[in-house]
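The structure appears below as structure tokens.
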Amino acid sequence: MCYAIPGKIIDSNGNLASIEYFGEIKKARNDFFELSPGDYVYAQGGFVIQKMSRDEALSSLEAWKELFFELKKIDNRLSRAGPGMGKISKETARMLNKARRGAALTKQEALALFNIEDAREINLLFKTANSVRQKFLSNACCVHGIIEFSYWCVNDCLYCGIRSSNKTINRYRMAPAEIIESVKEAYDLGFKALVLQSGEDGYYTDETFERLIRDIRKDFPVLILLSAGEKGKDFYKRAFDAGARGVLFRFETSQRSLYSTMKPGRDLESRIEALRFFKKTGFLIATGGLLGLPGQKKEDMIEDIFLAKSFGADMYSFGPFIPHPGTPLKEAGIIPADDILKFIAVTRLIAPDAKILVTTALETIGADMRRRGLLAGANSFMLNATPETKKMRYEIYKNRAGLGKDLRVQVAEALALLKELGRAPTDLGYN
Ligand code: SAH
72 MCYAIPGKII
82 DSNGNLASIE
92 YFGEIKKARN
102 DFFELSPGDY
112 VYAQGGFVIQ
122 KMSRDEALSS
132 LEAWKELFFE
142 LKKIDNRLSR
152 AGPGMGKISK
162 ETARMLNKAR
172 RGAALTKQEA
182 LALFNIEDAR
192 EINLLFKTAN
202 SVRQKFLSNA
212 CCVHGIIEFS
222 YWCVNDCLYC
232 GIRSSNKTIN
242 RYRMAPAEII
252 ESVKEAYDLG
262 FKALVLQSGE
272 DGYYTDETFE
282 RLIRDIRKDF
292 PVLILLSAGE
302 KGKDFYKRAF
312 DAGARGVLFR
322 FETSQRSLYS
332 TMKPGRDLES
342 RIEALRFFKK
352 TGFLIATGGL
362 LGLPGQKKED
372 MIEDIFLAKS
382 FGADMYSFGP
392 FIPHPGTPLK
402 EAGIIPADDI
412 LKFIAVTRLI
422 APDAKILVTT
432 ALETIGADMR
442 RRGLLAGANS
452 FMLNATPETK
462 KMRYEIYKNR
472 AGLGKDLRVQ
482 VAEALALLKE
492 LGRAPTDLGY
502 N
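This is the structure:
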């Protein structure tokens, strides 16, 4: 969804547009339209994705007018820093105060915060992260849809149910026309940003994909993010030219040898090289990794945050590794959900103005994780827009949250939660 609020162009200079929303000015990149002051647009993830008529804009703004401020009020109330620091250790108080002032935390400090065990300190960590989120990003919360279009993969990653040597699963591929049908369903329900995800599948040629993206952009003004793995520079260049503007591409772990163990025949360097290329090309970058892989230490996970930051991640996507029975790691354990919440909070303190996701994997391992993640510093989550019969078969791990839930129901639940938390399901430009 990410219902966009119409914004009014104040200034348009080359590829940069200044847009006004109820008196607030944001900036967004404009690659697609001729714009003049007074025009109305929808922006998403920092990109102008649609130009709209004044009448349409004004009627939508009328509907948003009160809600816009009402939601902010609720969020302001919920994100106030809360309990005093009296009963917590001096060192934790010092680090949280430092983060609240906007000073950069060191890796040692980030690790110390990730390691805290005292319930009051953890609570204060979450509240601090939430107030930093509010201060830098106000109440915007991106809700992207994800369409899992192919369950084939050439890779044999030890952790992943899609791995090529898992013969216990019933794989599928969606034809472009079927993908477009899912895009339409999501668009009609209000989605403005969609991720197209698959295993690393050579079946779709660069041309097929380029045409698909053009066809989507022609009829549906959505921000398109790709999550299709290491498909080569040409594939991504053509996708960008066709109108895709984001990638969801995790580096999985910052630890070189762990990476090669988990992804046989692959090396971290080429994954990182791809991320640098995406950034240079102009894609919005969503990246991150798995938490709780066998052999992964807490300091490795902290290193992951700094690695994501080093190549300018716009969105941080970190979630628990969940063992799949059809993989060599089937006997492994799962990191506690509370550790992931602490990790989200620490990520927020390190990347105050980033989008941080509550992943579906986190929602799968604990109750009420979407709400708890959003109150611990996150400001984004995804809903699954894959057709139900396919969604059940896309088993990167089993029993994913949201299975068996129609997209309409997922949207209704998401909107109710966001309203309660005072978050606006919009993703405007940046400040
Ligand atoms: N082919 C794409 C998308 C891969 S699937 C790519 O290479 O980027 C999307 C993500 O699912 C992966 O990046 C991985 O981090 C996650 N994933 C895979 N197996 C998982 C598991 N068992 N538990 C949790 N997440 C998993």
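FYI, the numbering for the sequence shown is 72 to 502, going by this note's numbering. Yeah, the Cβ is synthetic: ideal placement off N, Cα and C, and Gly gets one too.
Open item on the list: Here's the rule I'm using: 16 or more other beta-carbon atoms within 10 Å means buried, otherwise exposed. How should A384 be labelled?
Closed with: Indexing the sequence shown from 1 puts residue 384 at position 313. Looking at its Cβ environment, which holds 16 or more other Cβ atoms inside 10 Å, A384 is buried.
TODO: Go through its chain and collect everything with a Cβ distance to M386's Cβ below 6 Å, but skip five positions before and after it.
DONE: Here residue 386 corresponds to residue number 315 of the sequence shown, with the count starting at 1. Excluding positions up to five away in sequence, the list reads A357 and K426.
- [ ] Report the residue ranges of all alpha helix (DSSP H) runs contained in full by the stretch 130–180; include only those spanning at least 4 residues, in chain order.
- [x] 161–171
TODO: Measure the C-alpha to C-alpha separation of I467 and R234 and round it to an integer number of angstroms.
DONE: Numbered from its first residue, the sequence shown carries residue 467 at position 396. Numbered from its first residue, the sequence shown carries residue 234 at position 163. Distance between the alpha carbons of I467 and R234: 8 Å.
TODO: Return the chain-ordered list of same chain residues with a C-beta closer than 8 Å to the C-beta of S89, the five sequence neighbours on each side being excluded.
DONE: Here residue 89 corresponds to residue number 18 of the sequence shown, with the count starting at 1. Only I80, I81, D82, S83, I96, K97 and K98 meet the Cβ criterion.
Open item on the list: Using a Cβ-based criterion (distance less than 7 Å to any ligand heavy atom), does Y468 qualify as near ligand 1?
Closed with: Walking along the sequence shown from the start, residue 468 turns up at place 397. It does: the Cβ of Y468 is within 7 Å (strictly closer) of some heavy atom of ligand 1.
Task: Proximity to N450 [Cα-Cα], best of L138, R441 and R321 - done: Indexing the sequence shown from 1 puts residue 450 at position 379. The candidate whose alpha carbon is nearest that of N450 is R441.
- [ ] Please find out if some non-hydrogen atom of ligand 1 comes closer than 7 Å to the beta-carbon of I393.
- [x] Counted from its first residue, the sequence shown places residue 393 at position 322. Yes, the Cβ of I393 comes within 7 Å of a heavy atom of ligand 1.
Task: Whole-angstrom distance between G314 and R285, CA atom to CA atom - done: Residue mapping note: residue 285 aligns to position 214 of the sequence shown, counting from 1. Residue mapping note: residue 314 aligns to position 243 of the sequence shown, counting from 1. Distance between the alpha carbons of R285 and G314: 7 Å.
Open item on the list: Check for me: the beta strand (DSSP E) holding I90 runs from which residue to which?
Closed with: Position 19 of the sequence shown, counted from the start, is the residue given in the question as residue 90. Counting along the chain, the beta strand (DSSP E) containing I90 begins and ends at L87 to Y92.
Open item on the list: If we require 3 or more residues per run, which beta strand (DSSP E) segments fall completely within the stretch 395–472?
Closed with: 426–429 and 451–455
Open item on the list: What does the alpha-carbon distance come out to for the pair M245 and Y222?
Closed with: Within the sequence shown, numbered from 1, the residue matching residue 245 stands at position 174. Within the sequence shown, numbered from 1, the residue matching residue 222 stands at position 151. Using only the alpha carbons, I get a separation of about 9 Å.
Open item on the list: Helix, strand or coil, according to DSSP, for L265 in the structure here?
Closed with: As a first step, residue 265 must be located in the sequence shown, where it is residue number 194. In the structure shown, L265 sits in a strand (DSSP, three-state: E or B).
Task: Cutoff 7 Å; reference S253; Cβ partners in own chain excluding five residues on either side - done: If you number the sequence shown from 1, residue 253 lands on position 182. These residues qualify, in order along the chain: I218, A456, T457 and P458.
- [ ] Output the boundary residues of the alpha helix (DSSP H) element that contains E271.
- [x] Looking up residue 271 in the sequence shown gives position 200. Looking at the DSSP string, E271 is not in any alpha helix (DSSP H), and its letter there is neither H nor E.
Open item on the list: Taking the alpha carbon of L362 as the reference point, which residue from N101, A164, E162 and Y230 has its own alpha carbon closest?
Closed with: By one-based count along the sequence shown, residue 362 stands at place 291. The candidate whose alpha carbon is nearest that of L362 is Y230.
Task: Cutoff 6 Å; reference L319; Cβ partners in own chain excluding five residues on either side - done: The residue labelled residue 319 in the question sits at position 248 within the sequence shown. Here the set comprises V266, L296, S298 and A357.
Task: Exposure of K368, with buried meaning 16 or more beta-carbon neighbours within 10 Å - done: Along the sequence shown, one-based indexing puts residue 368 at 297. It is exposed - the Cβ of K368 has fewer than 16 other Cβ atoms within 10 Å.
- [ ] Go through the stretch 268–343 residue by residue and report every complete run of the alpha helix (DSSP H) that reaches 4 residues or more, in order.
- [x] 277–290, 304–313 and 327–333
Task: Cβ shell of N241 (< 6 Å), same chain only, five flanking positions each side left out - done: Against the sequence shown, residue 241 aligns to sequence position 170. Cβ neighbours of N241 beyond the five flanking positions: R464.
Task: beta strand (DSSP E) runs wholly inside the stretch 185–237, at least 3 long, in chain order - done: 213–221
Open item on the list: Could you give the first and the last residue of the continuous beta strand (DSSP E) run that contains F389?
Closed with: Residue mapping note: residue 389 aligns to position 318 of the sequence shown, counting from 1. Run containing F389: M386 to P391, per the beta strand (DSSP E) assignment.
Task: Where T279 falls, given that 16 or more other Cβ within 10 Å makes a residue buried - done: In the sequence shown, the residue the question calls residue 279 occupies position 208. Flag for T279 reads exposed.
Open item on the list: Let's test the definition: count the other Cβ atoms within 10 Å of the Cβ of D146 and tell me whether it reaches 16, buried, or not, exposed.
Closed with: Within the sequence shown, numbered from 1, the residue matching residue 146 stands at position 75. Looking at its Cβ environment, which holds 16 or more other Cβ atoms inside 10 Å, D146 is buried.
TODO: Give the DSSP-derived three-state secondary structure of Y243 in the structure shown.
DONE: Indexing the sequence shown from 1 puts residue 243 at position 172. Three-state DSSP puts Y243 in coil, outside helix and strand.
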